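Quick note on the working numbering: the sequence shown kicks off at 215 and runs consecutively.
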Amino acid sequence: MTFLTGLSWWILFPLALLAVGGTAFVARLASTRFLKDHTKQSSAHASPLMPTLGALFAFLSGFVIAAQWSTQASANSVVSRMSTASARLAWASTAPGASTIKIQAALSSDLTTTAESGWGQLQAGNTQSFNESQAYQELQQTVRESAYSSTVSVQAATELLAATDEVGASRHELADAASTTLPPLLIIVLALSGMALTVNSVVLAVDSHRRAAFVVTSVVILVSLNLALLIVLAAPFRGTLQTSPKAIQEVVQRIETGFYSR
C-alpha cells in the first residue's frame with residue numbers, strides 16, 4: 215500500500231488501466247470460448263445486473279473518495295493552523311522582557327526542520343521521530359525559560375505558552391494524519407466491485423463487437439480512473455496530491471526578514 219500511494223498519478227492511472235483492461239481482455243477471451251452458442255442468453259442475464267453493479271461501484275467509490283478527500287483537506291487545514299500558531303508565537307516573543315531573538319531563532323529552526331526532514335518522516339510514516347524532534351524540544355525549552363523569567367509579565371508568559379502549545383498540538387495532528395491510512399480491505403472490496411462491473415459489461419456485449427468496443431472501453435476507463443484517484447488520495451503526504459509545507463516555510467521567511475519585530 216505504501217508503494218502504491220507513493221506513485222504519481224501518471225504512473226497509477228496506466229497501472230490501473232492495465233489491470234482493469236487485462237481483466238476485460240481475459241473475460242472477453244473466456245466468454246467467447248466457453249459461452250459459444252449461449253452468448254445471447256448470457257447477455258440477457260448480464261443486462262439486469264449492470265445497474266446494480268454500477269450503482270454499487272459508484273456508491274463505494276464515491277463514499278471512499280469523499281472520505282479520503284476530507285482527510286486530505288484536514289491535513290492541509292492542520293498545516294494552516296501550525297502556520298497561524300507559529301506566527302502567533304513569533305509575535306508573542308516580542309513582548310517586553312521576552313527572549314525575542316532566541317525564541318524566534320528556535321522557532322525558525324523547528325519550522326525549517328519540520329518542513330524539510332520532518333516532511334520526509336511523515337511520508338515514511340515515522341511519526342515517532344517527527345514528534346520527538348530535537349529542534350522542537352529546544353523550542354519548548356527556550357520558550358518556557360523565557361516565559362518563567364521574572365522579566366516577563368504574566369499576560370505575556372501566558373500568550374507564549376499558549377502559542378507554543380498550539381504549535382505542539384498541530385504537530386501531533388500532522389502525525390495523526392500521516393499515520394491514518396485507508397484499510398486495505400476497503401480497497402480490495404472496491405477493486406472487486408469494479409472488476410465485477412467490468413466482467414459483466416464484457417458478458418453483456420460479447421455478442422456484439424461494436425457494442426463491446428463502446429461499453430467495455432467506457433467501463434474500463436471509468437473503473438481505472440476511480441481506482442487511481444482513490445490511491446492518489448489515500449496518503450496526504452505521499453504521491454501526486456501531497457500536503458504542502460509552504461505555509462510553514464512562509465513563516466520562516468518572515469522571521470528571517472524581521473517581520474515579527476517590536
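Where is the CB? At the ideal position from N, CA and C, for every residue including glycine. Quick caveat, the model's predicted, so the values are computed rather than measured.
Boundaries of the alpha helix (DSSP H) around residue 368: 368-393. The closest CA to that of residue 331, considering only 474, 471 and 459, is found on 459. Note that the C-beta distance between residue 292 and residue 438 is not below 8 angstroms. For residue 320, the closest alpha carbon among the candidates 312, 311, 336 and 352 is that of 352. By the C-beta criterion, the stretch 390-409 is judged to be in contact with the stretch 430-448, since at least 3 inter-stretch pairs fall below 8 angstroms. If you draw a straight line from the Cα of residue 294 to the Cα of residue 462, it comes to about 8 angstroms.
Ranked by Cα distance from residue 260, the first of 452, 474, 414 and 244 is 414. Apart from sequence neighbours up to five positions away, the residues of its chain that approach residue 282 with a beta-carbon distance below 7 angstroms are 396, 444, 447 and 448, ordered along the chain. For residue 352, the secondary structure class from DSSP, reduced to helix, strand or coil, is helix. A buried status is given to residue 450, since no fewer than 16 other beta-carbon atoms sit within 10 Å of its beta-carbon. One thing to note: residue 311 has its Cβ within 8 angstroms of the Cβ of residue 365.
The C-beta separation of residue 337 from residue 452 comes to about 5 angstroms, placing the pair in contact by the 8 angstroms criterion. With respect to the 8 angstroms criterion, residue 350 and residue 390 are not classified as neighbours on the basis of their beta carbons.
In the DSSP annotation of this structure, the continuous segment of the alpha helix (DSSP H) that includes residue 468 starts and ends at 460-470. For the pair of segments examined, the stretch 373-381 was found to touch the stretch 298-308: the number of CB pairs separated by less than 8 angstroms reaches three. If you look at residue 345, you'll find it in the alpha helix (DSSP H) that goes 341-345. For a cut-off of 8 angstroms, the C-beta gap from residue 384 to residue 299 is around 6 angstroms, short enough to register as a contact. Buried is the label assigned to residue 245, since at least 16 other Cβ atoms lie within 10 Å of its Cβ.
Annotation for residue 227: 442 place their beta carbon closer than 6 angstroms to its own, counting only its chain and skipping 5 residues before and after.
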